Structures are given as C-alpha cells and as structure tokens.
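Colleague: Take a look at this one; I'll ask things after.
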Ligand code: FES
Ligand code: FES
C-alpha cells in the first residue's frame, strides 16, 4: 500500500516545502464506485522501528522485542485485499463501518478522529458504526491484543485523505479553480473570495463511476489539529442518557427473554429433566428446551426466566473437573514446572529467588453475555457484541448446516469485553435454543452463570531466580507454568496461520498456541545479562473454560518480576527507583519511569504501614511506569463495609504512559485508569475459588472486583508527548505495571513479600451461594435500602 | 392477571403482570425502558439503580406488586425532567469529565450519584470521599477515578 518516492521527484505539495529533502510517503487507496463519494484503503499496514539496546550488561533481544504480538496480528491482516471505506453522505456527514468491536476502549472515537483529521470535517459529523461479520476480511475483523489502533491508523487516514482529495477535485471543477487554491475546512471547500461548497453539495459530484486505485499523501504530523488532542467519546451523550443500546436492549420482533438452567459443576451436562411440562405452564413461560450446555427457558420477562430456570428439576452428569479444587490444580501446576537452571555461579555471586501463585480470575464484563438469534429453516440472523464475528458466523453456519452466506451476524456495542467476547459461547447457545424452539430468542447469562460457567484467567505460577555480582545482574530466569489457555476461538486461526513465520519459536508447536503468544508478549525490560523465560502448560485447553482477562500473561509475569527486582535492589543496596533507572533497557521506559517518580514524588516521607512502590512495563509498542501508594494500617485494613472486602487501600496512583503517538490522550488516560483498577483488583481482592469442580463465587458480592471503596483517592495519568510518531496499543496496557506496583507497595508497607495473588485468596470471606437451584432468587426487600 | 399502576418518568402507566415480577423486568421487558441495566439481579451491582420518590433504589429487588399507584419511579431517561432541562447537572458533569467507557454501568452510577449528593446534604454536609466510598455501583471498566471527580463537580451545580 505504501510507496516511497525519491526525495526530489518534484511531487511534494506546497504544504511540504518546508522539508524539501524529505520525500512525502505516498499511500495507495481506492475510489469506490458508489452513488456518493466513497474512498477506501486496505487494512494491514503497520510500521515498526527497531528498539535500542541499553547499558549495563546487554541482554540479547528477546522474541517480544524482535517481533511482538502486534506485529503478528498486523501481519495476519496483510494477505487480505479487502477494504474499509469512508463514505460521504448528501447531508454532509461521513460514515465509517468499522470492522472491530467497540467495548468501551474508545476505538470508534479514535476512528472518527482520524477521519476528521484527514477529511477536515468536524467530529460530530462523523458516524462510526460497527460492521456486520465480513467473511472476506478473513483475519481482519478480530479485536484483540490492543491491536486496533495500531492496525487501523494508516488505512483509515488513507481512505479519508483520498476522500478529501476527491472533494477538492470536484470542487475545483464546480468553482472553476485550481485545486491548489482551494482549502478544505470544517466540512466546506473554500475558495478565494469567500466562495465555498459544502461537502454535502459535493458528495454526489465527487462520486466515482468506477472502482480504481489512487495515490494520496497523508498530513504531516506537524499539521495535526485533532490527532493528539484530548477528545470526548463520540458516544458519551448516549451513555449518560441511557440511550446507548446494547444487545439486550434490542427490540427484535418476538425475541423473548431466554435464560439457561446450568449444571452445578463446570461443564456438566444434562442427564434428564423431570418437569418440563410443569415449568412450561409457569407464568410468562413460552418454551423449554434442552441444549448442549443446559436447559433453556424462554419467557415474557427475564425475571420469569430466572424463576423457571430455578424450578427445573434436572439430573446432571458430571463435568470436566468434578474432582478438582484449588489445591489439586496448584499441585498439578507445581508438578509441571520446568526446573530453573542457572549457569555455574562464582563465590561472590548472590541469588534472589521467588515463586508466586496467581489464582483463577473471572473475565466477565458488566454487561453479561447476551445474544439475539433468529434461526429460520434456511437462514439465521444474529445480534451480539463480538470480538471475532467472522468466526462466529462460520460456527453458526456449521452448527445449523447452512452456508456461511445464509448467516448474518450483526456486531453490537459491548458493555465491556476484556477478552470474554472473543468466544462465541452465548451465540451458539442462542442459535441452538432458537432452532429448537422455532422462535427468536434474546438469550442472556445470569450473573451467577458468568461466575460459575464463564471463562477465567488460568491459574498459574511464576518462578524466578536471579543472580548478581559486582553491581550487575548476571542472570534472570523465569519459569511460568499455567493451566492451559483456550485459543480455539479468535486467536487460534491467526496463530496457526502464522506460527511458522515467528522467530524463534522455541519449543515449536507442540505446546499449542500458548507458547508463541507467550514468547511474543513477555520480556524483562532490564539489562539483566542472560535472560530466559519459559512457559509450560498443564491440562488440555478445554478442561477449564479459560481466556485472557484484559491481557493474558503479562500482569502475572511482570508482577513476579518486579517483586524480584525490588529484592535485587535491596540486596544490592540500591533505591528501587534508582535501581530500575540504572538497569532499564530502553530510553522510553526510562523516561516514563522518571516522569512517574517526579510527578508521584518518589521518596516522600510515608507513615508506618504505608509505602510507595514504582514499576515499569513495555509492550504494545509503548512504555508505562506506575507509582503506587498503599495504606496497610490496621484501621484501614480492618474497616468494615457490608458484604464487601476492604483490606489494604491503594490511596494514590501516578502512571506515566508513552504509546508512541497518543491519538486521543483523554481516551488513553481513561484506558490507563481502567487498567489501574484491574491491577488493584488482581493484586488485592479478585479471584475465583474452585472446590470439587464448582467455582464458589456467584456474583459481584463475592467476586471482589475493585469497588468505589477500594479505589484510590487520587489517580493521575501522565500521557507522554509523542515519541515514535506511531500509535501503540492501550486497552490492556495499563494492567501489568499497576498490578506489579500494588504488589511491590504491599511488600514494602508490610515487610512481607506476597507470594499468592490476590493476597486475600486464602481467606474465604463469604458464604457460597447454592448451586442447585442454579440462580440466586432476586430479593424483594429492595425498598428497605432506598437512600 | 393483576394490573399495576404507577408513575414512571412523570407518566402514569398500567401493566398486566404477576405481582412478584421484579420492577426491573417490568421496566425493561414490558415497558421497553432500557436505561436501567441488569448486572446481577440481587441488588449488589447497582447497574439498575433508579429513583423512587426521589430516593435511589434497585428495581431488580422490588416486586411490582409492592409499588404503590402514587409512587413516582424515575429512570435515567426521566432524570433531566426532574430539573426541567435537557440534561441533569450530574449528566453534564459526566460529559465534561468524559466518564463513560463502555457506558453500561453509567446510568446507574449517575442515578446513585444524584441520590448520594442529596443524602449528604440532608445530613448537613457536601458530598465527599467518605460518601463516595459508600456508593456500591460497580464499574467493571474501572472508571472510578473520573466518577469521583464528576460527582464532586456535579454536586456543585446541583
Ligand atoms: S441488577 Fe439490580 S443491583 Fe444488579
Ligand atoms: S463504563 Fe463499563 S462498566 Fe462502567
């Protein structure tokens, strides 16, 4: 798509004359035959720049530095020749149908900003919708790994730039002017003497009769007026007025509420149902049908579905892990651990070691899994928030024995995703229920289903041994051992397609997909001599329902590392910040570290049982540093709140983030703030307890995600000015350094290095809800709590 | 089937439904008022927070049969109407801080915030960190930092 012209080709436009020696990069895109102006570009363009090595004892580049996950996802996008298009409408607005999932991370706003920048159109005139499944995009409609901005940055701008160029040409003809004398400005093409034409007037005149390739240039960064400036979300008004529609708010004719009575243990199956007829007679209930994962009930309201699901008398077959509990899983992980093997050490060499356990964590968003399905004899239509809609369409077609073209999949706005919506579980349930009932359904998971049968971050351990001598760290070994992660949806296709191209694969394919992803995402961002990081998995990928939770391995991997880094610093007599400063292997990391230390007032006096900590992280073509202050005083730890865990409180967080080129600093700040709350939850409170094949947590009153009373009083995110000039990822980026910093701060405040996460996991601080009947009945005393 | 009459967002409504159906489902599935969101159904996530006669409550945990004909229910859709404006000052504060991420929890957060500010005032003080710590609405996207700021600035305009 990109071509580079020789520097003096004479093609630079007047606006570029201040850089006579630099050829402007030219990009290829398309004009598409359409009734109004439509300009398009291929997906699959990314630029990477090699990273600099640091001081101290340089570590050889690790795979993630040579070739990170985002390069892989971007490469996966390259083979497709399909287009994304910006369309200009007769009312002067522009439309863009985005082949990605918006789930709160702000990518629709990002897309609108890129279009506004190149098209010179106000933001509020740009309508970004989510595209239906487009199977021809193959790998290019997959939202994961914080890759959206990285892979869409150039294509969206190219399409918008072509549209602008075409508008200028059309206006030149209309106004009998030369293009160079015209200026696009806020939705108008202006000519000298105050004459102007609106984009709406030009939409048809600028339309192309044929689809053809065209060249364009992009605005130089020095002329950006929108990219890099803080902007509010384009859907903010809808969100605060309750008008924003999620799948469960859709009004699809006859798609009545549907829920599922689920087994008491993970992945149990239905044996028989004793009272189908009686349940079908219950108020509001229209249908009852056994499906692969349980017994589906359809009713006039979801409330009546809950009652019906609870009234079903089902005999259940065992699931996949009925004999398993936290202890048995951990035991098996420990048996699978690959031994640490340090080279021979001299007499003056010191060693720091640690072993850390990270328990299961639920990945549900606040909007539960929801899908609307309307299955007909020869077609099906689906509405759901989806991170991998193409795969979803293929799976539904396969389930129904229909051609892919008979299945329409609409992607809805998601109420959070975090990796959950890469998996199409709920769609397949809705499809099966609709087919068996012969009616449309709006299938929603109960919160308790989410906790007990939803997907979780795999339990894992991380062992580290580091050696040091003479002021240097000589070796740093990490062995990460995990319950197998399910990559069969979404990721699976991409990795299998490209695994052979990824250098170096280490253990090859025998460990499935996880090793490549591990190798592509982890690193040790310090010059620690000989660094090795290995992943080993136990169980098969489908034993436990697993997936990522706002990143997969790095929150845990980096937390383990940073706890060891603090110990190394202590052993070597260095301040934790100064130590990191001396050893970080990347100038951008050092810069964010310095910024966080400065703004966070590193080293300020802290009361007993309170402490600061500071950590870094690099991934997604960017760098973060997080300074955390924690309060572990008894009066804080033991404060009482009804039906809640309190414990240590993170009182203040300062994070500095460099994403190369922040497109929307306000949106980036929001993503980092969210990542911080996940980091706090994962270190202090959030986990699942497995007992005899059942997860004990059943709602938000026992699955302890960060709440207002756990949130810091002060959260400050410093967005660094552009560094590389290319955008990096954001959605998951805030978690690793936050989680690590909370853990390090806890260690410094209490004098005890935590080794099991979250730190409150050992105490079961709630009474588990029953598993039969499966759903907690809704209380009736709500008015008592009115305030 | 029993009939239930009450007031929603200033308008009287009547629905035919069993007494024990929780008000949340009457609002959403029968009346098509989708601002109040489902997140747990057991009064813990607070995504469904609405007002009853000006006080915050959770309709997922109230039987429609327990709602009186004179009860005034306000959902996020009706909040601006309580101040005769296009937007309530708390919604404006939310926009100014660009609080929402996915937005799913935000109608409930805003309804809770408005009630919390009033509750603090009734107790003789302005809303502060200790009051905000009492708000039970969960945000899985982690927007707590901006919510904290928005509540304080929204309170100043209320
Ligand atoms: S749905 Fe009402 S409190 Fe959660
Ligand atoms: S904004 Fe997504 S749950 Fe709060």
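Chains as they are written, first to last, in the numbering used here: chain A, 1355 to 2141; chain B, 270 to 427. From the three backbone atoms N, C-alpha and C, an ideal C-beta is built for every residue, glycine too. Keep in mind it's a predicted model, so treat the numbers as computed, not measured.
Can the beta-carbon of residue 1517 of chain A be found less than 7 Å from the beta-carbon of residue 1559 of chain A?
Modeller: Going by C-beta atoms, residue 1517 of chain A is not nearer than 7 Å to residue 1559 of chain A.
Colleague: In chain order, what residues of the segment 321-332 of chain B put their CB closer than 9 Å to some CB of chain A?
Modeller: If the cut-off is 9 Å between Cβ atoms, the segment 321-332 of chain B has 321, 322, 324, 325, 326, 327, 328, 329, 330, 331, 332 near chain A.
Colleague: Could you pull the DSSP bridge partners for residue 1704 of chain A from this structure?
Modeller: Per DSSP, A:1822.
Colleague: Can you name the start and end residues of the beta strand (DSSP E) that residue 1595 of chain A belongs to?
Modeller: Element bounds for residue 1595 of chain A: not the beta strand (DSSP E) but the alpha helix (DSSP H), 1590-1595.
Colleague: Between the alpha carbons of residue 1846 of chain A and residue 1765 of chain A, how many angstroms are there, rounded?
Modeller: Because the pLDDT at residue 1846 of chain A is just 37, under 50, the model does not fix this residue reliably, and the value given afterwards should be weighed accordingly. Cα-Cα distance, rounded: 20 Å.
Colleague: Comparing C-alpha positions only, which one of A:1581, A:1759, A:1965, A:1541 sits nearest to residue 2106 of chain A?
Modeller: With distances taken between Cα atoms, residue 2106 of chain A lies closest to A:1965.
Colleague: Along chain A, which residues have their Cβ under 7 Å away from the Cβ of residue 287 of chain B?
Modeller: Those within 7 Å of residue 287 of chain B in chain A are 1637.
Colleague: Take every Cβ of the segment 1765-1780 of chain A, pair it with every Cβ of the segment 1447-1466 of chain A, and state whether three or more of those distances are shorter than 8 Å.
Modeller: With a cut-off of 8 Å, the segment 1447-1466 of chain A and the segment 1765-1780 of chain A count as touching, because enough Cβ pairs lie within range.
Colleague: Leaving out the 5 sequence neighbours to the left and right, which residues in its chain are closer than 6 Å to residue 1519 of chain A when beta-carbon positions are compared?
Modeller: Once the five neighbours on either side are set aside, the close Cβ partners of residue 1519 of chain A are 1570.
Colleague: Would you say residue 1787 of chain A reaches chain B, if we count a Cβ-Cβ gap shorter than 7 Å as a contact?
Modeller: No - not a single Cβ of chain B is within 7 Å of the one on residue 1787 of chain A.
Colleague: From the DSSP output, in three-state form, read off residue 2063 of chain A for me.
Modeller: Note: residue 2063 of chain A maps to helix in three-state DSSP.
Colleague: Jot down the residue ranges of each uninterrupted beta strand (DSSP E) in the segment 2067-2094 of chain A, minimum 3 residues, whole runs only, in chain order.
Modeller: Listed in chain order, they are 2068-2073.
Colleague: Any residues in the segment 1600-1613 of chain A with a beta carbon nearer than 8 Å to a beta carbon of chain B? Which ones, in chain order?
Modeller: Residues passing the 8 Å Cβ filter: 1600, 1602, 1603, 1605, 1611.
Colleague: Residues of chain B with CB closer than 7 Å to the CB of residue 1593 of chain A, please, in chain order.
Modeller: What residue 1593 of chain A touches in chain B: 369, 372, 375.
Colleague: Give every residue of the same chain whose Cβ lies closer than 7 Å to the Cβ of residue 1674 of chain A, excluding the five residues on either side of it in the sequence, and list them in chain order.
Modeller: Within the same chain, residue 1674 of chain A has close Cβ partners 1620, 1621, 1897.
Colleague: Measuring only the C-alpha atoms, how far is residue 2132 of chain A from residue 1670 of chain A?
Modeller: For residue 2132 of chain A and residue 1670 of chain A, the distance between alpha carbons rounds to 24 Å.
Colleague: Taking 6 Å as the cut-off, is the beta-carbon of residue 308 of chain B closer than that to any non-hydrogen atom of ligand 1?
Modeller: Residue 308 of chain B: yes, Cβ under 6 Å from ligand 1.
Colleague: Identify the continuous beta strand (DSSP E) that holds residue 1888 of chain A and give its terminal residues.
Modeller: Looking at the DSSP string, the run of the beta strand (DSSP E) that includes residue 1888 of chain A is 1884-1892.
Colleague: Any idea what DSSP makes of residue 1659 of chain A, helix, strand or coil?
Modeller: The answer is helix: DSSP assigns residue 1659 of chain A an H, G or I state.
Colleague: Rounded C-beta distance between residue 2037 of chain A and residue 2113 of chain A? I'm assuming under 8 Å.
Modeller: Sure, about 7 Å apart at Cβ, within 8 Å.
Colleague: Based on the DSSP output, what are the partners of residue 337 of chain B in its beta bridges?
Modeller: For residue 337 of chain B, which the question treats as bridged, DSSP gives no partner whatsoever.
Colleague: Bridge partners of residue 280 of chain B, per DSSP?
Modeller: DSSP lists B:277 as partners of residue 280 of chain B.
Colleague: Closest to residue 1906 of chain A by C-alpha separation, out of A:1882, A:1824, A:1814, A:2021, would be which residue?
Modeller: Of the listed residues, the one whose Cα sits closest to residue 1906 of chain A is A:1814.
Colleague: With a threshold of 7 Å between beta-carbons, can residue 418 of chain B be considered close to chain A, or not?
Modeller: No, no contact with chain A.
Colleague: For residue 2031 of chain A, go through chain B and note every residue whose CB falls closer than 7 Å to its CB, in chain order.
Modeller: Those within 7 Å of residue 2031 of chain A in chain B are 411, 413.
Colleague: Once the 5 residues before and after residue 1954 of chain A are set aside, which same chain residues still bring their CB inside 6 Å of it?
Modeller: Within the same chain, residue 1954 of chain A has close Cβ partners 1981, 2008.
Colleague: Helix, strand or coil for residue 1616 of chain A? Go by DSSP, reduced to three states.
Modeller: Note: residue 1616 of chain A maps to coil in three-state DSSP.
Colleague: For the segment 1689-1708 of chain A and the segment 2057-2066 of chain A, state whether three or more C-beta atom pairs, one from each stretch, are separated by less than 8 Å.
Modeller: Counting Cβ pairs under 8 Å, fewer than three are found: no touch.
Colleague: Using a Cβ-Cβ cutoff of less than 7 Å, which residues in the same chain neighbour residue 1876 of chain A once the five nearest sequence positions on both sides are dropped?
Modeller: 1418, 1887, 1907, 1908, 1911.
Colleague: What does the Cβ neighbour count give for residue 426 of chain B, buried or exposed, with the cut at 16 atoms within 10 Å?
Modeller: That one is exposed.
Colleague: Is residue 409 of chain B a contact residue of ligand 2, with contact defined as CB to any heavy atom under 6 Å?
Modeller: Answer for residue 409 of chain B: yes, Cβ within range of ligand 2.
Colleague: With residue 1722 of chain A as the anchor, note down where its beta strand (DSSP E) starts and where it stops.
Modeller: No beta strand (DSSP E) contains residue 1722 of chain A, which DSSP labels as neither H nor E.
Colleague: Can you name the residues of chain B whose CB is closer than 9 Å to the CB of residue 2058 of chain A?
Modeller: Per Cβ cutoff of 9 Å: no residues; residue 2058 of chain A is ~10 Å from chain B at best.
Colleague: Touch check for the segment 1984-2004 of chain A and the segment 2092-2103 of chain A: three-plus C-beta pairs under 8 Å?
Modeller: A contact exists between the segment 1984-2004 of chain A and the segment 2092-2103 of chain A.
Colleague: For residue 1713 of chain A, collect the residues of the same chain with a Cβ closer than 6 Å to its Cβ; drop the 5 residues on either side in sequence, then sort them by chain order.
Modeller: Excluding sequence neighbours, residue 1713 of chain A sits near 1813, 2041, 2115.
Colleague: Kindly indicate if chain A contains any beta-carbon less than 7 Å away from that of residue 425 of chain B.
Modeller: Taking Cβ atoms only, chain A never reaches closer than 7 Å to residue 425 of chain B, which makes this a no.
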